[in-house]
Amino acid sequence: MKRRQLVATVLLVIVVELLITVPLILFTRPGKNIVAVINSTPTPTPTPRPILTVNSTPPAVSAKSAFLMDATTGRTLMNVNGNARLPMASTTKIMTCIIALQKVNPNKIITIGQDAVNEPIENGGSSAGLVAGDKMPMIDLLYALMLPSGDDAAIAVADGVSGSTASFVTLMNQYAVKLGLTNTHYVNPDGLPYDLPGGNVNPQQYSSAADLAKLTAYAMQNETFSQIVNTQEFDLSQTSDYHAYTWDNTNKLLQVYPGAIGVKTGSTGEAGNCLVFAAKQNGQYLIGALLDDGAYTGTEVATQSRFTDAAKMLAWGFSLPLLPPPSPTVILRNT
2 MKRRQLVATV LLVIVVELLI TVPLILFTRP GKNIVAVINS TPTPTPTPRP
52 ILTVNSTPPA VSAKSAFLMD ATTGRTLMNV NGNARLPMAS TTKIMTCIIA
102 LQKVNPNKII TIGQDAVNEP IENGGSSAGL VAGDKMPMID LLYALMLPSG
152 DDAAIAVADG VSGSTASFVT LMNQYAVKLG LTNTHYVNPD GLPYDLPGGN
202 VNPQQYSSAA DLAKLTAYAM QNETFSQIVN TQEFDLSQTS DYHAYTWDNT
252 NKLLQVYPGA IGVKTGSTGE AGNCLVFAAK QNGQYLIGAL LDDGAYTGTE
302 VATQSRFTDA AKMLAWGFSL PLLPPPSPTV ILRNT
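Numbering (the numbering used here), first residue to last: 2 to 336.
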């Protein structure tokens, strides 16, 4: 009796196996792995992340060149002559600062040379008021570079990183190539246009609004850089190594626009008023640039068109809807 039950059980198992395996063999193409067919499960299609989507006309601005990007995705939101090669004044110092942060220990002591002090005096540039012979950490010097836009600080930083301004400028142009900034070229670390004999303008100092925004997106990934450009005032008390200093940020957008987090102003007679800016609101992150936005008058006030234009661009950008990205276009070809 038990023997007959055992035989019946074995026969039942064989029948079940045949019922499963035979249809798979019959309906599976030659070469297909039957085990893979049995165990395979469809891969779920990921839901596309909503992105800022342009569905309205960008605001009119008075700048010769304007560019706005979604810094999270890298997508261009606004481009008005954004690839034009133009003088960029002190927005040059964005590159100067990020190179210094990547190449030198921020605590390295830098001695302020007379050549640095002479730079704004001889060329009519902006000054952090540095005193020749002062010895200060590189990190403090970078606040002097980015807040009051010290051309003296730019020369001191270049000397501290590379030993000479010329060597540092070579490094700047190498970075530009590495980062794909195809419309950017440097002849100095501060953005002053006077680099030819007789105080003539050197046309080889240029960038574009698009390149400046892309460079800034790269630089803002550095926590120390983003902290410096988001600082409105920086104070240094006098020590035995250096004098007391107070530096105010020339970027008035930090004072008037909610969520503004930087980045850098620039102004010369040749470049006009320039501004590279960044802001975050409601989880969105925008970076933009304006070149030649009104004539330089020698003053920094929040009502300048570069600041009001930046505010308009940001308000428009943050108002854009978050929508799924468009599906890729499928092109059917005759074969």
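Beta carbons: idealized from backbone N, C-alpha and C, even for Gly.
All values reported here derive from a predicted model rather than from experimental measurement.
- Secondary structure at N274: strand, using DSSP grouped into helix, strand and coil.
- For Y144, the enclosing alpha helix (DSSP H) starts and ends at M139 to M147.
- Membership of I229 in any beta strand (DSSP E) is not indicated; the residue belongs instead to the alpha helix (DSSP H) covering E224 to V230.
- Around the C-beta of S238, fewer than 16 other C-beta atoms lie within 10 Å, and the residue is accordingly described as exposed.
- Each of V257, N56 and G295 was checked against the Cα of C275, and the nearest Cα belongs to G295.
- Taking 7 Å as the cut-off, the beta carbon of G192 is found no closer than this to the beta carbon of S320.
- In this chain, the alpha helix (DSSP H) harbouring Y176 covers T166 to K179.
- Residue pairing by DSSP places M70 opposite T77 and I288 in a beta bridge.
- Contact annotation: I99 and F226 have beta-carbon atoms nearer than 7 Å.
- Contact annotation, N231 with L255: C-beta distance approximately 7 Å; criterion of less than 8 Å satisfied.
- L142 places its beta carbon less than 7 Å from that of A157.
- By the CB criterion at 7 Å, D152 and G126 fall inside the cutoff.
- In the structure shown, the three-state DSSP call for S320 is helix.
- Contact annotation: K109 and M139 have beta-carbon atoms nearer than 7 Å.
- Taking a contact to require three or more Cβ pairs closer than 8 Å, the stretch 62-78 and the stretch 116-124 do not qualify as touching.
- Excluding five sequence positions before and after Q103, none of the CB atoms of its chain fall closer than 6 Å to its own CB.
- Spatial neighbours of P326 in its own chain (CB-CB distance under 7 Å, excluding positions within 5 residues in sequence) are listed in chain order as P49 and I52.
- Annotated three-state conformation of I110 is strand, per DSSP.
- CA-CA distance, A61 to M89, rounds to 21 Å.
- Per DSSP, A117 lies in no beta strand (DSSP E) segment; the continuous alpha helix (DSSP H) that holds it begins and ends at Q115 to N124.
- Within its own chain, the residues whose Cβ lies closer than 8 Å to the Cβ of A311, once the five positions on either side in sequence are excluded, are L254, Y258, L276, F278, G289 and L291, listed in chain order.
- Looking at the DSSP output, Q282 sits in a beta bridge with Q285.
- Within the same chain, and ignoring the five residues on either side of L197 in sequence, the residues whose Cβ sits closer than 6 Å to its Cβ are N203.
- Burial state of D212 is buried, judged by a 10 Å Cβ sphere holding 16 or more other Cβ atoms.
- Judged by DSSP in its simplified three-state form, A129 adopts coil rather than helix or strand.
- Relative to S66, the option among L323, A272 and P322 whose CA is nearest is A272.
- Residue environment analysis places P194 among the buried positions, since at least 16 neighbouring C-beta atoms fall within 10 angstroms of its C-beta.
- In the three-state DSSP reduction, A311 falls in the helix class (H, G or I).
- Taken atom to atom, the span from the alpha-carbon of L87 to that of T269 is near 12 Å.
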